[in-house]
Structure formats: structure tokens, C-alpha cells
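Read through the structure below, which is laid out as C-alpha cells, and then see the notes.
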Amino acid sequence: MLKMFAVMLTVVVAPMVCVDGATVAQYLRGTTVYSLFQDAGLTDLLTGDDPVTLFIPSDVYLLRYLSSHGTSLSQLRQNPEGLKDLLQYHVVSGRYARRDLYNEEKLQAVNGDTIRVNTYGTSLGAYAKVDVDVDIDVDSWRITAQGVAFQSRDYAASNGVIHFLYGIMEPANGTVADVIASQSDLSTLLSAAQAAGLVDFLADQNPITVFAPTDAAFNALGDTVQTLLTKPDLLAQILSYHVVPGTIYSAGIHATDLHTFEEADRLHLTSRFGTSFSIENGHLMRNGEDMSAINGVVHKIDHVLIPDSLKSQI
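Here it is in C-alpha cells:
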């Protein structure tokens, strides 16, 4: 078992050795990811003259993702159409090096779905856009595709570029409002958004990040919830305090203060060794998944956030 793990690990940390002029397929040959492209009948995508860019997990992180989601390679292979769609979602037509990508860029995958790119860094300010005309070390930035962080470097092939990720990308599932409506433990938040007249805002505003209190978080407020439901204007301001402009995936979160759509106050995020995060008096629900939407991302939190400027009205 240890020997097998060591062999798999080399896929991540060892440099890829290939002759000049190698195609994307030649770079990937011998990997589990390449065998999946073979199983799906998609190797022509990797060998053609038309350039492609791959956003794919290396083998270790592919297997780790599958294990954490209760599935396996054999189960993937048992669903050829699903496998084909999954792999096509990780391929974009055209050549996109790391330096070519910018914050909130939307790329169309071969299967027609959208991939949202985000760039996160601190040297030019949190969540700033990488300006290709500025001489900076782009490799020092954290870049994500659908919230999944890039590994250390990209690989240039004769017919494209390979970006290795720390996991599988998942396409967006409707708008932020749709995502909230789809989660059984966010039903109180949905009811509050409806009472405050914010559902259309959550569906139309783009891009946004929503820190979404769970039902348990609202229950902790007791009778205060019913009081707030009778004060839609105040409720709207409180809920707006949970919404931040821009798409901030977990991979881009760090200790900072964030502007919200409740203009009088800022959200304060704190980090502990970069692995756990607190937001005001609560915590992010770190289950390893960001809930992507076509207009942003949703994070579940365990506390209803009350702006300082509004606490006297509660």
C-alpha cells in the first residue's frame, strides 16, 4: 500500500519530463487521468492541432476527491456518458497560460458549461485582478477554477496547456437563490430573503458571495426571528450584511475585512493557520465544499451576523 501511494505521489510532486513539442496527450500518458480520457473516447481532444487548455486534478487528488465523495474509478467508468461529460467540463478550447487568466473570468468548457476563474493575492490587495501589464510573480497568487486551487505550475504543450488542480471541478447549480433553495438546512434563510424582498437580488446580482446562516443558526436567535420577519426593511439590511461583492471561494479566504451590501459595516474574517476561519461571532462550515452558483458562491455559517450599527434595533 505504501509503495502504491509513493508511486501515485510522484504524479503530483515530480516534474513532468517530456521532449520539446510534446502534445497534451504525451504529457499525460501513463496517468490515471489519461486512462479516463481513453475510456471516454476523448483522446482526440488531447492530440489534435486545435489548442486546448486542461483544468484537471493530478492522480492523487483525483483519487482523494473520489474517496471523499463515496465513489471510485470503477464507478466512474461504469457511467461512460457521465464520465465523458465530466472530462469535457475540464477542457477548454484555446490556450490559456496562468498569466492569461484574470479574476472573475468565465471560460466555456467543451461540454458547454461555464468555468469561473478567480485570482486571490495580498501583494496588490485581497481579491484583486491580476494585471498582465504589471510585472508581478503570478505564481505567488492563488488561482482557482470553480473554486478549486491550482497546483504550483502549468505545463505548456505543443497543442495546449495543462493546469493541475487540487480536485475535480463541479459546475454551478443555478443562481445563488437557487442554491439556497436547494439546501434543506437553509430554509429559514430562504423564508427571510422572501420576507425581505431579496430573492431577486440573490438571483440577479453578479458576482456575489453569500455567508448563509443555517436553520440552527436562526433557531439560536429564538423569538427574535419572528420579530425580524415583521420588520422587512431591518431584515433586508441584516441579510445584506451577509452578502459580499465578488466570488470568494474557500481557497481565497484569509484574514481581512470585507465590504458588504450593508454599507455601514464590514465583515471581519479571522484565520487560524489558514485552515479554519471565523466570521464575526461564528464559523464557516468547513465541509470541504463551496456551493457554486452561476452568479457567485454560497458558504454555510453557524451564526446569524448582526451589523454593529443595527444591534440597537434588534
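With mature numbering (1 follows the signal peptide of the UniProt record, and there is no 0) as the guide, the letters of the sequence shown map in order to residues -21 to -1, 1 to 293. By construction, the Cβ of each residue, glycine as well, lies at the ideal position given by its N, Cα and C atoms.
- For Leu165, the CB contacts under 6 angstroms within the same chain, skipping 5 residues up- and downstream, are Ile159, Ala191 in chain order.
- DSSP lists no beta-bridge partner residue for Asp79.
- In this structure Thr26 is not in contact with Val140, their Cβ atoms being roughly 15 angstroms apart against a cut-off of 8 angstroms.
- When DSSP states are grouped into helix, strand and coil, Asn97 belongs to the strand group.
- Just so you know, the alpha carbons of Thr226 and Leu169 end up roughly 20 angstroms apart.
- A Cβ-Cβ separation of about 18 angstroms leaves Asp281 out of contact with Ala172 under the 8 angstroms criterion.
- Distance check between Tyr40 and each of Pro30, Leu52, Asp29 places Leu52 closest, using alpha-carbon atoms only.
- Sorting Gly201, Asn274, Glu268 by C-alpha distance to the C-alpha of Leu181 places Asn274 at the top.
- Contact annotation: Asp287 and Asp244 have beta-carbon atoms nearer than 8 angstroms.
- Under the DSSP assignment, Pro192 falls in the beta strand (DSSP E) whose first and last residues are 187 to 192.
- Here the C-alpha atom of Leu86 lies approximately 15 angstroms from the C-alpha atom of Pro186.
- With 16 or more neighbouring CB atoms inside 10 Å of its own CB, Ser271 falls in the buried class.
- If you check the CB distance, Leu62 and Asp92 do not come in under 8 angstroms.
- Counting along the chain, no beta strand (DSSP E) covers Asp38; the unbroken alpha helix (DSSP H) around it starts and ends at 38 to 47.
- Looking at His69, Gly73, Ile35, the one whose alpha-carbon comes closest to that of Asn138 is Gly73.
- Close CB contacts of Gly261 within its chain, under the 6 angstroms cut and outside five residues either way in sequence, are with Ile280, Asp281, His282 (chain order).
- Under the DSSP assignment, Lys279 falls in the beta strand (DSSP E) whose first and last residues are 275 to 280.
- Proximity to Ser47 across Gln292, Leu284, Glu268, Asn198 peaks at Glu268, based on C-alpha coordinates.
- By the CB criterion at 8 angstroms, Ile122 and Arg77 fall inside the cutoff.
- Within the model, the alpha-carbon separation for Ala128 versus Gln205 is close to 41 angstroms.
- The residues Phe143, in chain order, have a CB closer than 6 angstroms to that of Gln130 in the same chain once the five nearest residues on each side in sequence are set aside.
- Of the residues Arg56, Ile285, Tyr99, the one whose Cα lies closest to the Cα of Glu242 is Ile285.
- Counted as a single uninterrupted DSSP element, the stretch harbouring Val158 is not any beta strand (DSSP E) but the alpha helix (DSSP H) occupying residues 155 to 161.
- In this chain, the beta strand (DSSP E) harbouring Gln130 covers 127 to 136.
- If you check the CB distance, His221 and Val189 come in under 8 angstroms.
- Sorting Asp23, Thr11, Val276, Thr193 by C-alpha distance to the C-alpha of Leu55 places Thr11 at the top.
- In this structure, the alpha-carbon of Asp194 lies about 6 angstroms from that of Thr167.
- According to the DSSP secondary-structure assignment, His221 is paired through a beta bridge with no residue.
- Between Tyr6 and Tyr99, the CB-CB gap reaches or exceeds 8 angstroms.
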